[in-house]
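According to numbering that gives the first Met the number 0, the sequence shown is numbered sequentially starting from 0.
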Amino acid sequence: MTEKKLSGLKIFGTDGIRARFGEFPLDNESIIKLGLAIGQWAQEKYVTNNNQTLNILIGHDTRISCDSIKQGLAAGLLTHNAIIRDAQVIPTPAIVKFINNKCDYFNFGIIITASHNPYQDNGIKIVDSKIGKLDKSDEDKITEFFYSNTINSRYLKLKDSIKNSGNTQQEHDTKCKCSCENISPIRPELIKGPNDQYKILETLQEEYVKTITRYFKKDLLKNIKIALDCANGATYKVAPEIFKQLGAEILLISHTPDGKNINQDCGSTHPENLQKFMLNNSCDIGFAFDGDGDRIAAISKNGQTKDGDDILCILSQHPEYKKQTAIVGTIMSNYGLEIYLNKYNKELIRANVGDKNVCKEMVNKNLLVGGEPSGHIVLRDYLSCGDGI
């Protein structure tokens, strides 16, 4: 692949695609082209005969822009021989879990989220059923297709119907710093294909709850008072239900998303609100998630914040992982974590920043526990990415 083929503005960053909604590459034209390009990449990667379909699972957090991005991607994807199943609002790790568990059905998943960022931003993550988050070679291939004449020609065929919907991105000032809620969603009727090609999965949140609770005894948390900060994000329904089913008394903050309040002075990046709430309500422990549910911050009974490094210390002594000879952190991990692990004859292996890099190092070293100070905690015997819950 030559540099010329990848000419143009950069699309992928360190964790998928992320930008302010309405600006490249999350303007409406680029979103549809991304759907076309991802579909073309997937056809080459997964399809071995003309009768084979692409099976895609898609989900998102609570941002106001998610539906528009989802519909734009679908408009492009469905020009290929694709079947899309829409999980709607659901934590990022749930999509990864179901992609792994149902790898004989779903080829890959798409997650629309900007994680801990404010609501004006959004992003697109793609996860493979076997390797998890895409490596650079796959991202480069999608980028190559995005800038190709083939994808541009296919986009132009869709352009007239999109223009007729009154949804041309050119009508919107891409330098706008507002929420961009005035950009109309791409109309669902523009998503072409038979009715069974695109379906909403109503029960996937319930399945995710069952997936987690079955690991534990039913009354594991009985008589424990737990405060949860759901960041007005993707965990707002499933997290309370999971802790309730395990017997805990639950108190909630930041659990009423309106499309614009995700991560707004709440969640794992603002644990001070949960600290104050806990002390005022005499809680035993508290957990704050980020907008898409793959990070966590814990608050102790006396109001101390426990970040990812603290949680790794605790997990290193858990009966399930006590025999592990090493734990994977990052170059940002606190030196105190290394000292603590050395005390128990354990090694801290430092990966580059990003849970994708942590997971890769865990696989290379055949280790089960890893994470980042930011609160991405990976238990590889459970899942190949962080899961805050």
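By construction, the Cβ of each residue, glycine as well, lies at the ideal position given by its N, Cα and C atoms. As the structure is a prediction and not an experimental result, all values here were calculated from the model.
**Study point:** Bounding residues of the alpha helix (DSSP H) (the contiguous stretch that carries Thr210)
**Key:** Locating residue 210 in the sequence shown gives position 211, where the first residue counts as 1. That run of the alpha helix (DSSP H) goes Leu203 to Thr212.
**Study point:** Any 3 or more C-beta pairs closer than 8 Å across the stretch 227-241 and the stretch 249-256
**Key:** Contact holds between the stretch 227-241 and the stretch 249-256, because three or more Cβ pairs, one in each stretch, are under 8 Å apart.
Practice item. Determine the contact status of Arg17 and Gly108, defining contact as a CB-CB distance below 8 Å. Key: As a first step, residue 17 must be located in the sequence shown, where it is residue number 18. As a first step, residue 108 must be located in the sequence shown, where it is residue number 109. No, Cβ-Cβ distance for Arg17 and Gly108 is not below 8 Å.
Check your understanding: Roughly how many angstroms separate the alpha carbons of Lys364 and Arg294, rounded to a whole number?
Key -> Working through the sequence shown from its first residue, we reach residue 364 at position 365. Working through the sequence shown from its first residue, we reach residue 294 at position 295. For Lys364 and Arg294, the distance between alpha carbons rounds to 23 Å.
Exercise for review: Under 8 Å Cβ to Cβ from Ile223, same chain only, skipping five residues before and after it: list those, please.
Suggested key: To locate residue 223, count along the sequence shown from 1; it is residue 224. Same-chain partners within the cutoff: Gly246, Ala247, Glu248, Asp283 and Ile284.
Review point. Using the C-alpha atoms, what's the distance from Pro92 back to Gln244?
Key: Residue 244 sits at position 245 when you count from the first residue of the sequence shown. Residue 92 sits at position 93 when you count from the first residue of the sequence shown. Cα-Cα distance, rounded: 19 Å.
Review point. Assuming Gly302 contacts Met277 under a Cβ cut-off of 8 Å, what Cβ separation, rounded to an integer in Å, is found between them?
Key: Looking up residue 302 in the sequence shown gives position 303. Looking up residue 277 in the sequence shown gives position 278. Contact check for Gly302 and Met277: beta-carbon distance about 6 Å, within the 8 Å limit, so the pair qualifies.
Practice item. Determine the burial state of Ile376: buried for a count of at least 16 other Cβ atoms within 10 Å of its Cβ, exposed for fewer. Key: Indexing the sequence shown from 1 puts residue 376 at position 377. Buried, since its Cβ has 16 or more Cβ neighbours within 10 Å.
Review point. According to DSSP, is Glu412 helix, strand or coil?
Key: Residue 412 cannot be examined here, being either before or after the span of the chain that is shown, 0 to 388.
Review point. Leaving out five residues before and five after Val208 in sequence, what residues of the same chain have Cβ atoms less than 6 Å from its Cβ?
Key: Here residue 208 refers to the residue found at position 209 of the sequence shown. Counting only Cβ-Cβ distances below 6 Å, and skipping sequence neighbours, we find Val237, Glu240 and Ile241.
Practice item. Grab me the residues of Ile10's own chain with a C-beta within less than 7 Å of its C-beta, minus the 5 sequence neighbours each way, in chain order. Key: In the sequence shown, counting from the first residue as 1, residue 10 sits at position 11. Leaving aside the five residues that flank Ile10 on each side, the residues in its chain whose CB is nearer than 7 Å to its CB run, in chain order, Ile16, Pro24, Thr142 and Phe145.
Review point. Should Glu2 go down as buried or exposed, given a rule of 16 or more other Cβ atoms within 10 Å for buried?
Key: As a working mapping, residue 2 is identified with position 3 in the sequence shown. Model confidence at Glu2 stands at a pLDDT of 39, short of 50, so the residue's coordinates are unreliable; what they give is reported in the following sentence. Classification of Glu2: exposed, given that the 10 Å Cβ count is below 16.
Check your understanding: Taking one C-beta from the stretch 31-45 and one from the stretch 66-84 each time, how about it: are there three or more such pairs within less than 8 Å?
Key -> Under the 8 Å Cβ criterion, the stretch 31-45 counts as touching the stretch 66-84, having at least three qualifying pairs.
Practice item. Give the straight-line distance between the Cα atoms of Glu180 and Gly34, rounded to the nearest whole angstrom. Key: As a first step, residue 180 is located in the sequence shown; it is residue number 181 there, counting from the start. As a first step, residue 34 is located in the sequence shown; it is residue number 35 there, counting from the start. Caution is warranted here: a pLDDT of 40 is assigned to Glu180, below 50, making its placement in the model unreliable, and no coordinate value can be reported.
Check your understanding: Closest by CA to Tyr320, which one among Lys345, Ala86, Leu336 and Ser332?
Key -> Residue numbering aside, residue 320 sits at position 321 when the sequence shown is read from its first letter. The candidate whose alpha carbon is nearest that of Tyr320 is Lys345.
Exercise for review: Please list the segments of the alpha helix (DSSP H) lying wholly inside the stretch 26-52, counting only runs of 4 or more residues, in order along the chain.
Suggested key: 27-45
Practice item. Label His115 either buried or exposed according to how many other C-beta atoms from any shown protein chain fall within 10 Å of its C-beta, with 16 as the threshold for buried. Key: In the sequence shown, counting from the first residue as 1, residue 115 sits at position 116. Counting Cβ neighbours within 10 Å, His115 comes out buried, since at least 16 surround it.
**Study point:** Cβ separation of Val327 and Ile348, assumed to be a contact under 8 Å, to the nearest whole Å
**Key:** Within the sequence shown, residue 327 is the residue found at index 328, counting from 1. Within the sequence shown, residue 348 is the residue found at index 349, counting from 1. The Cβ separation is near 5 Å, so the contact holds.
**Study point:** Cβ neighbour criterion (16 or more within 10 Å) applied to Thr234
**Key:** Looking up residue 234 in the sequence shown gives position 235. It is buried - the Cβ of Thr234 has at least 16 other Cβ atoms within 10 Å.
Review point. Who are the Cβ neighbours of Gln196 in its own chain at under 8 Å, not counting the five residues just before and after it?
Key: Walking along the sequence shown from the start, residue 196 turns up at place 197. These residues qualify, in order along the chain: Leu77, Ala81, Ile82 and Ile83.
Review point. What is the DSSP secondary structure of Tyr339, counted as helix, strand or coil?
Key: For the purposes of this step, residue 339 is taken as the residue at position 340 of the sequence shown. Here DSSP, grouped into helix, strand and coil, assigns Tyr339 to helix.
Check your understanding: Does the distance from the CB of Thr329 to the CB of Asn351 come in under 8 Å?
Key -> By 1-based counting over the sequence shown, the position of residue 329 is 330. By 1-based counting over the sequence shown, the position of residue 351 is 352. Contact: yes.
Exercise for review: Using 10 angstroms around the beta-carbon of Phe215, count the other beta-carbons present and answer buried if the total reaches 16, otherwise exposed.
Suggested key: Along the sequence shown, one-based indexing puts residue 215 at 216. Exposed, since its Cβ has fewer than 16 Cβ neighbours within 10 Å.
Practice item. Use the C-beta contact count for Thr112: other C-beta atoms within 10 angstroms, 16 or more gives buried, fewer gives exposed. Key: The count along the sequence shown starts at 1 and reaches residue 112 at position 113. Classification of Thr112: buried, given that the 10 Å Cβ count is 16 or more.
Point to revise | Closest residue to Ser267 among Asp228, Gly58, Asp257 and Gly7 (Cα-Cα distance) | key: Here residue 267 corresponds to residue number 268 of the sequence shown, with the count starting at 1. Of Asp228, Gly58, Asp257 and Gly7, the residue nearest in Cα terms is Asp228.
Check your understanding: Going by alpha carbons, who is nearest to Lys32 out of Ile89, Lys275 and Ser152?
Key -> The residue given as residue 32 occupies position 33 in the sequence shown. Looking at the Cα atoms, Ser152 is the closest of the given residues.
Point to revise | Cut-off 6 Å between Cβ atoms - residues of its own chain near Thr13, not counting five sequence neighbours on either side | key: The residue labelled residue 13 in the question sits at position 14 within the sequence shown. Gly353, listed in sequence order.
Point to revise | C-beta atoms of Leu382 and Lys96 nearer than 8 Å | key: As a first step, residue 382 is located in the sequence shown; it is residue number 383 there, counting from the start. As a first step, residue 96 is located in the sequence shown; it is residue number 97 there, counting from the start. The answer is yes: Cβ separation under 8 Å.
Point to revise | Reference Ser389; option with closest CA among Asp289, Leu273 and Glu205 | key: In this structure the chain extends from 0 to 388, so residue 389 is not present and cannot be described.
Point to revise | Whether Cys265 touches Ala226 by CB criterion (8 Å) | key: As a first step, residue 265 is located in the sequence shown; it is residue number 266 there, counting from the start. As a first step, residue 226 is located in the sequence shown; it is residue number 227 there, counting from the start. No, Cβ-Cβ distance for Cys265 and Ala226 is not below 8 Å.
Exercise for review: Express the C-alpha separation of Ile150 and Leu157 in angstroms, rounding to a whole number.
Suggested key: As a first step, residue 157 must be located in the sequence shown, where it is residue number 158. As a first step, residue 150 must be located in the sequence shown, where it is residue number 151. Rounded to the nearest angstrom, the two C-alpha atoms are 11 Å apart.
Check your understanding: Does DSSP classify Gly307 as helix, strand or coil?
Key -> Here residue 307 refers to the residue found at position 308 when the sequence shown is read from its first residue. Residue state, collapsed to three classes: helix.
Check your understanding: My guess is that Ile261 and Gly232 are in contact by the Cβ rule of under 8 Å, so how many angstroms apart are they, rounded?
Key -> Within the sequence shown, residue 261 is the residue found at index 262, counting from 1. Within the sequence shown, residue 232 is the residue found at index 233, counting from 1. Confirmed, about 5 Å.
Exercise for review: Assign Met361 to buried or exposed, taking buried as 16 or more other Cβ atoms, counted over all protein chains shown, within 10 Å of its Cβ.
Suggested key: What you label residue 361 is simply residue 362 of the sequence shown in a count that begins at 1. So Met361 counts as buried.
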